[in-house]
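**Student:** Below is the structure I would like to discuss, written out as structure tokens.
Residue numbers (the working numbering): 5 to 317.
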């Protein structure tokens, strides 16, 4: 249903018959051609939403922090900085190179935030990680601005990507990203049982025979790959990785063997619906999905912070 709505509604509304014809490859009318152009956009929205949701779920499990999210932890800002440096100083244009740079920036930012948040006697508490992530995100965003302001050509190519959106999706770009996303998702799913053990605490996990460090490192690698590639493909889109895991836990519980696929499905649906909403609320203009998701996610983030019983996972 979400896919049909994404194809059918926008600046030009499409009938069910024309949308169905577009899915079948028929381009006899303007409406069918318009619907056909929206299909790669819908597919990209599904992939990016699923990747960000699973990435957020994994970060929450690894850090045992209910506030963990690629945006809050500064991972999206790290990916953005790596991409803009590649474009500004190395003339980077290749999609694969952009994905690699984005993953590298995500990994460096995640490692830095976790290191800073772990300083002190109490270790990596949820509040310290959130504060370290917010400070890191602000600093990296300032660096991004400092790099692009003197370079008008870079600003023009980077401006719309920085907002976050799935418009202008191309099958070539999607095809290049799918193997990386599948690899990252497989790593996270393969560590689902380990993440269940981590939720019980390190000592209990070790007692259950779990290699805690290896589980954390491999799970984090999967989350960083998903976040980095998704950011390279669609720009930084916040709050999907924060709100979807909490919504899914309310529905199916805390078993990560079920949460990983459920979060992937829910994240894909939410991002596609948010993108569709951005196209229909102010026609013929569009509001990028990177603007819509914070409007949805920010109130939920405040609700999560204020919940007294949400201390850990």
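We put the beta carbon where it would ideally sit given N, CA and C, even for glycine.
Keep in mind that this is a model prediction, so the values were computed, not measured.
1. Start and end of the alpha helix (DSSP H) containing residue 259?
2. Going residue by residue through the segment 218-270, where are the continuous alpha helix (DSSP H) segments of at least 4 residues, counting only ones entirely within it?
3. Exposed or buried, what is residue 191 when buried is set at 16 or more other beta-carbons lying within 10 Å of its beta-carbon?
4. Among the residues of its own chain, which have a CB less than 7 Å from the CB of residue 116, if the five just before and after it don't count?
5. Give the list of continuous beta strand (DSSP E) stretches no shorter than 3 residues that lie fully inside the segment 19-104.
6. Would you identify the three-state DSSP class for residue 195, choosing helix, strand or coil?
7. Hey, residue 236 and residue 58 are a contact pair by Cβ (cut 8 Å); roughly how many whole angstroms apart?
8. Compare the beta carbon distance of residue 121 and residue 85 with 8 Å and say whether it is the shorter of the two.
9. What is the C-beta distance between residue 244 and residue 271, in whole angstroms, given that I count them as a contact (C-beta under 8 Å)?
10. Report buried or exposed for residue 74, applying the criterion of at least 16 other Cβ atoms within 10 angstroms of its Cβ.
11. Report the three-state DSSP secondary structure of residue 204 (helix, strand or coil).
12. Quick one: grab the DSSP three-state call for residue 317.
13. Which parts of the segment 139-191 are runs of the alpha helix (DSSP H), unbroken and 4 residues or longer, counting only runs that do not cross its ends?
14. Leaving aside the five residues before and after residue 233 along the sequence, list all residues of the same chain whose C-beta is less than 6 Å from its C-beta, in chain order.
15. Is residue 289 helix, strand or coil by DSSP?
16. Looking at residue 54: is its Cβ nearer than 8 Å to the Cβ of residue 242?
17. What does the alpha-carbon distance come out to for the pair residue 49 and residue 231?
18. Is DSSP giving residue 118 helix, strand or coil here?
19. Less than 8 Å separating the beta-carbons of residue 105 and residue 81?
20. Tell me, to the nearest whole angstrom, how far the beta carbon of residue 168 is from that of residue 25; I am working on the premise that it is less than 8 Å.
21. Do the segment 252-261 and the segment 273-282 make contact, defined as three or more Cβ pairs closer than 8 Å?
22. In whole angstroms, what is the alpha-carbon distance linking residue 224 and residue 174?
23. On a CA-only basis, which of 99, 295, 129 is nearest residue 70? Give me that one, please.
24. Mind checking residue 249: buried by the 16 CB within 10 Å criterion, or exposed?
25. For the putative contact between residue 188 and residue 246, defined by C-beta atoms under 8 Å, what is the C-beta separation to the nearest angstrom?
26. Among 100, 166, 20, which residue has its Cα nearest to the Cα of residue 238?
27. How long is the line joining the alpha carbons of residue 52 and residue 45, rounded to whole angstroms?
28. Is residue 214 near residue 222, with beta carbons less than 8 Å apart?
**Tutor:** Working from what's here:
1. Neither: residue 259 is in no alpha helix (DSSP H) and is coded neither H nor E.
2. 244-256
3. buried
4. 140
5. none
6. coil
7. The Cβ separation is near 16 Å, so there is no contact.
8. no
9. 5 Å
10. buried
11. coil
12. Legend: pLDDT at residue 317 = 48, less than 50; position of this residue unreliable, value from coordinates given subsequently. Coil.
13. 156-167
14. 103, 181, 184, 185
15. coil
16. no
17. 14 Å
18. helix
19. no
20. Actually they are not in contact, since the Cβ atoms of residue 168 and residue 25 sit about 31 Å apart, beyond 8 Å.
21. no
22. 29 Å
23. 129
24. buried
25. The Cβ separation is near 18 Å, so there is no contact.
26. 166
27. 11 Å
28. no
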